Amino acid sequence: MLLYLFLIISSFSITFADTSADQPKFDRSHETISVVVGKRALLPCYVSIQDANNNNNGNNPFKIIWMKLNNSSILTMEDRAINGDPRISLLHAYADEWNLQIDDIDEDDAGIYRCVINTGMYKTLTLDVKVPPKIIDELTTEPYPPPIRSGSNYTIKCYAHGKPMPKIRIISYDQTDNAKIISDQNEVILYNVSRHTRRRYECIASNSYPPDVARSFQLTIQYAPELTLALISETNDELTSSLLFIDSSQHEIRLKCRVLMNPLDKIYWMKDNNKLINDYHIHQYVSIYMENYIIAELVIKDFSTNDQGEYTCTASNILGTHSKSIQLIATLTTTTSTTTSSSSSSTTMQLSDSRLIISRRKRPKHTRTTTISQREYYRSTEILREMTISSSQDDDIICSSIGGGLFLNYIVQQRCQNDCDNSITFLSQYSSDDAMRLDVC
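The sequence shown runs -17 to -1, 1 to 424 under mature numbering (1 follows the signal peptide of the UniProt record, and there is no 0).
Structure follows, in structure tokens:
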């Protein structure tokens, strides 16, 4: 190739060595032409030949070639392109113009070009090709990477090519699309990822030569089940206690188990460690909301003492198992009222298998009504009672227990206004021989 170039230049110089004594006017300053890739480049070369034309009857005694020094190639000779590249042409619309035009510029076109006159003079130009940013797929995180396990670290990578070298911004988005720049480097590490970690990210590369380019990443995070229990009612409040008293008069009980987990796998209900099966009395419904939210609903119809027990919702996947339980206890409610007047007295009332003793201290005569409401909670080995005592007058109510089998021992004193009810509620555990004493004064 070098030999070929030498022969061309030698022939070019010999052929036109006999020129006019008048040298052409020629701008020999070094120029740099910047062009964005894909656009057209025009490399100027002006040769003033006015005096030469006067001495040569209008014939141009000077000949021009264009060459690229980087690969030692001849691009044009006189007024025609000779390298076979259809993108390259010589613009010679005027006698003093010998401009080199290159269409659809690519990165390989960058380099040093020279416009050479057969007199030995030349003009050198540098073609600087600007390249808009482009994501390097091989070095950049894919848009939908494999699932990431909770508790692990994960690195988001973003690399781009361009000239000049693009600047990188990595942005995270929350569920409401609020954006936050988290890095201006090619890589960012997410430490100890969890289900609360942001899932959507975007990398933007820019270098002042549009268009900017972006790559979005959607992360999938796997985590163990997290669940809550709720009694379906007007409020659907989460159950914060492990004990729930159910009035046996209720026609239907609905428990809701809300589970967050990824991947979704197993969810089921158990009663007293036995897996529940749907029948005419008990139904289970499972609904999936979004990709990682599931609800398992348990419906118990005509709840009775036979349905008492511990109900457990269990969810599991490859990362773990989580369970929550609730003890359902059936209740019966009874209410007894007494109306008394005048001085001190003592009354014993029989409530189920226990005795309630009501005594009064001497007070001025007036009529009062004392109401005792009792709810019984049946278990296989014991009876729990919740008792509410209320008085219609401005009384001191003293409630004390007698009998050795009481689980709780209360002495409660409370005073209220004449126009309101005085009410005390307490829960005790009885054997069949226990009694409760109530002093009203």
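Note that beta-carbon positions come from the ideal geometry of N, C-alpha and C, so glycine has one too. This one's a predicted model, so the numbers in the text were calculated from it and none came from an experiment.
Rounded C-alpha distance that separates residue i from residue j
i           : j           : result
residue 234 : residue 277 : 26 angstroms
residue 239 : residue 279 : 6 angstroms
residue 199 : residue 272 : 25 angstroms
residue 305 : residue 245 : 13 angstroms
residue 295 : residue 247 : 19 angstroms
residue 230 : residue 313 : 6 angstroms
residue 97  : residue 45  : 16 angstroms
residue 227 : residue 205 : 33 angstroms
residue 62  : residue 195 : 40 angstroms
residue 133 : residue 241 : 20 angstroms
residue 175 : residue 136 : 5 angstroms
residue 9   : residue 57  : 20 angstroms
residue 301 : residue 258 : 21 angstroms
residue 291 : residue 178 : 36 angstroms
residue 307 : residue 299 : 12 angstroms
residue 434 : residue 140 : Because the chain in this structure spans residues -17 to 424, residue 434 falls outside the shown range and cannot be described.
residue 427 : residue 173 : Because the chain in this structure spans residues -17 to 424, residue 427 falls outside the shown range and cannot be described.
residue 68  : residue 60  : 14 angstroms
residue 87  : residue 70  : 7 angstroms
residue 16  : residue 152 : 30 angstroms
residue 84  : residue 160 : 48 angstroms
residue 146 : residue 64  : 29 angstroms
residue 254 : residue 269 : 17 angstroms
residue 28  : residue 95  : 14 angstroms
residue 150 : residue 201 : 22 angstroms
According to DSSP, residues forming a beta bridge with residue i
i           : result
residue 506 : The question about residue 506 has no answer, for the chain in this structure spans -17 to 424.
residue 286 : Per DSSP, none; premise fails for residue 286.
residue 45  : The partner list for residue 45 (beta bridge, DSSP) is empty, contrary to what the question assumes.
residue 98  : 49 and 106
residue 139 : 171
residue 15  : 109
residue 159 : DSSP, once it has assigned bridges, lists no residue as partnering residue 159.
residue 312 : 228
residue 31  : 8
residue 243 : 209 and 276
residue 257 : 254
residue 281 : 238 and 267
Host beta strand (DSSP E) of residue i (start-end)
i           : result
residue 228 : 226 to 230
residue 198 : 196 to 201
residue 115 : 105 to 118
residue 253 : 249 to 254
residue 73  : 71 to 74
residue 210 : 204 to 214
residue 78  : Looking at the DSSP string, residue 78 is not in any beta strand (DSSP E), and its letter there is neither H nor E.
residue 301 : Segment: none, residue 301 is in no beta strand (DSSP E) and carries neither H nor E.
residue 266 : 265 to 272
Helix, strand or coil at residue i according to DSSP, with G and I counted as helix
i           : result
residue 238 : strand
residue 293 : strand
residue 182 : coil
residue 61  : coil
residue 121 : helix
residue 467 : Only positions -17 to 424 of the chain appear in the structure, and residue 467 is not among them; the question remains open.
residue 166 : strand
residue 131 : strand
residue 22  : coil
residue 176 : coil
residue 55  : coil
residue 84  : strand
residue 67  : coil
residue 380 : Only weak support exists for where residue 380 lies, its pLDDT of 45 falling under 50; the coordinates are left without a value.
residue 330 : Per-residue confidence for residue 330 stands at a pLDDT of 41, beneath the threshold of 50, marking its modelled position as unreliable; no derived number is given.
residue 222 : coil
Within-8 angstroms CB hit, residue i to chain D
i           : result
residue 150 : This model lacks chain D altogether; it includes just one protein chain.
> Does the region 103 to 116 touch the region 21 to 28, meaning 3 or more C-beta pairs lie closer than 8 angstroms?
Replying inline: Contact holds: three or more Cβ-Cβ distances are below 8 angstroms.
> For the 8 angstroms Cβ check, are there 3 or more pairs between the region 103 to 113 and the region 59 to 78?
Replying inline: Three or more beta-carbon pairs separated by less than 8 angstroms are not found between the region 103 to 113 and the region 59 to 78, which leaves the two stretches without contact.
> Contact between the region 183 to 195 and the region 208 to 215: three or more CB pairs below 8 angstroms?
Replying inline: Taking 8 angstroms as the limit for Cβ pairs, the verdict is that the region 208 to 215 does not touch the region 183 to 195.
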